[in-house]
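Peer 1: Mind looking over this structure? Questions follow.
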């Protein structure tokens, strides 16, 4: 298999949060068509915060899907901010906890068939309680035993793809 060829790009929507392009692409077998691409100007970051055998999760509603579910703290990088700095900031803003140590877990492209978006996922440890969680971000924040994560996944209570990827990666790598 060879790479697709991009012959051109036409912007059809633009805002500070995202843009949508129509890319004129050609498949290796010669078929040519326009493909929608969502481009996000800033990478995002997420953190799996662990304390003993528990993980810090937020119970929140997403209006885009109309679904409640458990999520890890996440958000976009601000201008001139590193992924690590953004991870610490977002975790503290959303949950009221700040990890004292933080290490990279994975870097991923969650929608690589339609978007250039990059997410840097970290593992945070030794969290310090610095305040209350932001009620606009989550109805509640809880320490959930890591042993319960597979059951929550099976029950559909972790619908967020980023959270699923981060938690399953963490659980897989911590046992190998």
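Residue numbers (the UniProt record's numbering): 1 to 176.
Even for Gly, the Cβ is constructed at its ideal location relative to N, Cα and C.
My output table needs one value for residue 161: the three-state DSSP class, helix, strand or coil.
Peer 2: Stepping through the chain shown from its first residue, residue 161 is reached at position 161. Residue state, collapsed to three classes: helix.
Peer 1: For a quick check, are the C-beta atoms of residue 121 and residue 46 less than 8 Å apart?
Peer 2: Here the question's residue 121 lines up with position 121 in the chain shown. Here the question's residue 46 lines up with position 46 in the chain shown. Yes. Within cutoff.
Peer 1: The beta strand (DSSP E) spanning residue 99 covers which residue range?
Peer 2: As a first step, residue 99 is located in the chain shown; it is residue number 99 there, counting from the start. First-last of the beta strand (DSSP E) with residue 99: 97-108.
Peer 1: Does the Cβ-Cβ distance between residue 56 and residue 13 come in under 8 Å?
Peer 2: On the chain shown, residue 56 is found 56 positions in, with the first residue counted as 1. On the chain shown, residue 13 is found 13 positions in, with the first residue counted as 1. Cβ distance not < 8 Å, so residue 56 and residue 13 don't count as in contact.
Peer 1: Tell me which residue opens and which closes the beta strand (DSSP E) that residue 12 is part of.
Peer 2: On the chain shown, position 12 is the one that residue 12 refers to. Start and end: 5-14.
Peer 1: Between residue 101 and residue 75, how many whole angstroms is the CB-CB distance? I'm expecting something under 8 Å.
Peer 2: Along the chain shown, read from residue 1 onward, the residue named residue 101 stands at position 101. Along the chain shown, read from residue 1 onward, the residue named residue 75 stands at position 75. The Cβ separation is near 20 Å, so there is no contact.
Peer 1: Once the 5 residues before and after residue 71 are set aside, which same chain residues still bring their CB inside 7 Å of it?
Peer 2: The sequence position of residue 71 within the chain shown is 71, counting from 1. 57, 58, 60, 160, 163.
Peer 1: According to the Cβ coordinates, are residue 86 and residue 92 closer than 8 Å?
Peer 2: Taking the first residue of the chain shown as position 1, residue 86 is located at position 86. Taking the first residue of the chain shown as position 1, residue 92 is located at position 92. No, the Cβ-Cβ distance between residue 86 and residue 92 is not below 8 Å.
Peer 1: Please report the residue range of the alpha helix (DSSP H) in which residue 127 lies.
Peer 2: One-based indexing of the chain shown puts residue 127 at position 127. No alpha helix (DSSP H) holds residue 127; the beta strand (DSSP E) holding it covers 119-129.
Peer 1: Should residue 50 and residue 165 be called a contact, given that it needs their Cβ atoms to be closer than 8 Å?
Peer 2: Counting from 1 along the chain shown, the entry for residue 50 is found at position 50. Counting from 1 along the chain shown, the entry for residue 165 is found at position 165. No, they are not a contact pair.
Peer 1: Which term fits residue 149, buried or exposed, when burial requires 16 or more other beta carbons within 10 angstroms of its beta carbon?
Peer 2: As a working note, residue 149 is residue 149 in the chain shown. Its Cβ being crowded by 16 or more others within 10 Å, residue 149 is buried.
Peer 1: On the CB-based measure, 16 or more other CB atoms within 10 Å of its CB, does residue 145 come out buried or exposed?
Peer 2: Numbered from 1 along the chain shown, position 145 holds the residue referred to as residue 145. It is exposed - the Cβ of residue 145 has fewer than 16 other Cβ atoms within 10 Å.
Peer 1: In whole angstroms, what separates the C-alpha of residue 156 from that of residue 109?
Peer 2: The residue you call residue 156 lines up with position 156 of the chain shown. The residue you call residue 109 lines up with position 109 of the chain shown. Going from the Cα of residue 156 to the Cα of residue 109 covers about 22 Å.
Peer 1: At which residues does the alpha helix (DSSP H) containing residue 152 begin and terminate?
Peer 2: Sequence index remark: in the chain shown, residue 152 carries index 152 (1-based). Per DSSP, residue 152 belongs to the alpha helix (DSSP H) from 149-154.
Peer 1: Give the single residue among 40, 169, 9, 65 whose Cα lies nearest to the Cα of residue 104.
Peer 2: Along the chain shown, read from residue 1 onward, the residue named residue 104 stands at position 104. Of 40, 169, 9, 65, the residue nearest in Cα terms is 169.
Peer 1: Checking 8 Å against the spacing of the C-beta atoms, do residue 22 and residue 36 come in under that value?
Peer 2: Against the chain shown, residue 22 aligns to sequence position 22. Against the chain shown, residue 36 aligns to sequence position 36. Contact flag set, yes.
Peer 1: Considering residue 18, what are the terminal residues of the beta strand (DSSP E) in which it resides?
Peer 2: Here residue 18 refers to the residue found at position 18 when the chain shown is read from its first residue. That residue, residue 18, is in no beta strand (DSSP E); it is neither H nor E in DSSP.
Peer 1: Do you know offhand how far residue 106's Cα is from residue 33's?
Peer 2: The sequence position of residue 106 within the chain shown is 106, counting from 1. The sequence position of residue 33 within the chain shown is 33, counting from 1. Using only the alpha carbons, I get a separation of about 33 Å.
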